[in-house]
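This report refers to the structure that appears directly beneath it.
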Amino acid sequence: MTTIGKRCSKLGPNLIHRSIQDGTMEPRFNKGHVELLVIEPWGTDGLRVRATISDNLTNDDWALSEPIHNPTSNIVITDTEAIIRNGNISARISDTRVQQAHIEIYRHTENGGKEVILSEKHYVVNAHNPGTRTYKTSDNNLYETELHFEPKISERFYGMGLNDTGTVNLKGCIIDMYQRHVKHVVPFVVSTEGYGFLWNNPSLGRAEFGNNLTRWVSEGCKQIDYYITASENYHDILANYSNVSGHAPEFPYWASGFWQCKNRYVTQEEFLDVAREFKNRGFPLSVHVMISFTGKNRVIGLLILNFGLTLNQW
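Residues 63 to 376 in our numbering are what the sequence shown spells out, letter by letter.
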């Protein structure tokens with residue numbers, strides 16, 4: 063490990079040490095508590111950002127389940143800033159007037175230019191500055207954490223799984239992150255600013271895409287953890303995300319034909335009669351779905367009393 067021990071004019075009083083290890087940037091800051099901030103190259107044109115006030119980070123990769131092939135990164139550290147770049151994306155850490163270790167994310171274009179695609183919130187008055195990364199002690203040695211980003215009025219967000227928002231563009235929406243029937247949250251969002259963002263945290267929480275603040279909240283975690291990838295086109299963003307989180311399995315041939323689904327069959331014989339009729343007429347029935355009538359104690363009773371254990375007898 064190469065440790066950079068020089069203290070600098072702005073970062074110096076708050077910086078305990080900065081280090082570079084295997085292309086990973088690891089500064090520690092004293093913000094009333096010691097915060098460990100780690101930024102790593104992750105896959106093609108991607109960065110993983112983790113932060114904690116614990117002594118060490120956890121090694122849980124959560125949704126980032128796929129092995130990555132040691133992407134090359136370029137790290138530059140000066141007296142006033144630290145920058146890490148991986149392909150089309152880079153992150154810059156610096157102090158603002160009231161904010162320590164402020165992060166900005168850039169997307170680099172083919173013509174050599176770059177633009178800020180995501181920035182932590184620019185709080186300009188100390189009295190109104192809760193911090194862009196906050197930690198509140200919770201039960202079971204966990205923290206309630208928040209991550210605040212600067213909003214862009216023209217920015218549009220798409221994704222987050224299946225949620226009853228009534229709109230495709232999630233700008234202005236609050237997404238509660240929990241799983242329920244007909245609500246399936248996938249905490250990955252694609253932005254019209256040219257990036258994809260994964261909140262890599264399996265806890266309960268919420269995402270707020272407000273006009274005055276973009277906020278990600280965890281109700282119980284050991285660290286802030288997110289992945290971001292940048293590109294000028296959506297295809298590459300989704301490809302990069304899939305390559306680090308995993309691809310959907312190939313759709314099986316046996317399920318590629320006709321599907322028959324009915325809300326409820328009262329008896330097993332009714333179910334089997336429909337299946338036999340499809341077979342008699344030569345229809346290529348691949349999947350026959352029975353959705354049981356739901357309600358307290360009704361599903362199990364229906365299956366036991368009327369269906370027994372012989373659903374495969376046809």
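Note that CB positions come from ideal geometry on N, CA and C, so glycine has one too. Quick caveat: nothing in here was measured; it's all calculated off a predicted structure.
Taking only runs of the beta strand (DSSP E) that begin and end inside the stretch 290–360, which ones reach a length of at least 3 residues, in chain order? Every unbroken stretch of the beta strand (DSSP E) spanning 3 or more residues and falling wholly within the stretch 290–360 is given here in chain order: 320–324, 347–352.
Helix, strand or coil for histidine 246, going by three-state DSSP, please let me know. The three-state secondary structure of histidine 246, taken from DSSP, is strand.
In this structure, does DSSP put asparagine 148 in helix, strand or coil? Assigned with DSSP and collapsed to three states, asparagine 148 falls in strand.
Can you check whether the CB of glutamate 281 is closer than 8 Å to the CB of glutamate 182? For glutamate 182 and glutamate 281, no; Cβs fall outside 8 Å.
Whether or not the stretch 209–224 and the stretch 247–257 are in contact is what I'm after, with contact meaning three or more pairs of Cβ atoms, one per stretch, closer than 8 Å; do they touch? Because the criterion of three Cβ pairs below 8 Å is met, the stretch 247–257 and the stretch 209–224 touch.
Apart from the five residues on each side of it in sequence, which residues of its chain come closer than 7 Å, Cβ to Cβ, to tyrosine 185? So the list reads Val160, Gln161, Asn191, once near-sequence residues are dropped.
Quick one: any contact between the stretch 301–311 and the stretch 324–344, if contact means 3 or more CB pairs under 8 Å? The stretch 301–311 makes no contact with the stretch 324–344, as fewer than three CB pairs between them are under 8 Å.
Measure from the alpha carbon of glutamate 212 to the alpha carbon of each residue in Asn150, Gln322, Cys283, Gly193, then state which is nearest. Per the Cα distances, Gly193.
Find out if the Cβ-Cβ distance for the pair alanine 269, tryptophan 278 is shorter than 8 Å. Going by C-beta atoms, alanine 269 is nearer than 8 Å to tryptophan 278.
Please classify tyrosine 197: is it buried, with 16 or more other beta-carbons within 10 angstroms of its beta-carbon, or exposed? Here tyrosine 197 is buried: its Cβ has 16 or more other Cβ atoms, across all protein chains shown, within 10 Å.
With three or more beta-carbon pairs closer than 8 Å as the criterion, would you say the stretch 311–318 touches the stretch 294–301? At 8 Å Cβ cutoff, the stretches do not touch.
With distances taken Cα to Cα, identify the nearest neighbour of leucine 260 among Asp157, Glu143, Phe219. Across the set Asp157, Glu143, Phe219, the C-alpha of Phe219 shows the shortest separation from the C-alpha of leucine 260.
Which of the three DSSP states, helix, strand or coil, is assigned to asparagine 173? Coil.
Could you tell me the distance, in whole angstroms, from the CA atom of leucine 232 to the CA atom of methionine 239? Within the model, the alpha-carbon separation for leucine 232 versus methionine 239 is close to 14 Å.
What is the DSSP secondary structure of phenylalanine 369, counted as helix, strand or coil? Unreliable positioning characterises phenylalanine 369 in this predicted model, as indicated by a pLDDT of 47, which lies under 50. A coordinate reading is not provided.
Compare the C-alpha of phenylalanine 104 against each of Glu128, Ala113, Glu97, Ser116 and name the closest. The sequence shown places tryptophan at residue 104, rather than the phenylalanine named in the question. Here the closest residue by C-alpha is Glu128.
Does DSSP put isoleucine 139 in a helix, a strand or coil? Note: isoleucine 139 maps to strand in three-state DSSP.
Tell whether a beta-carbon distance below 8 Å holds between leucine 99 and arginine 110. Using a Cβ distance threshold of 8 Å, leucine 99 and arginine 110 do not count as a contacting pair.
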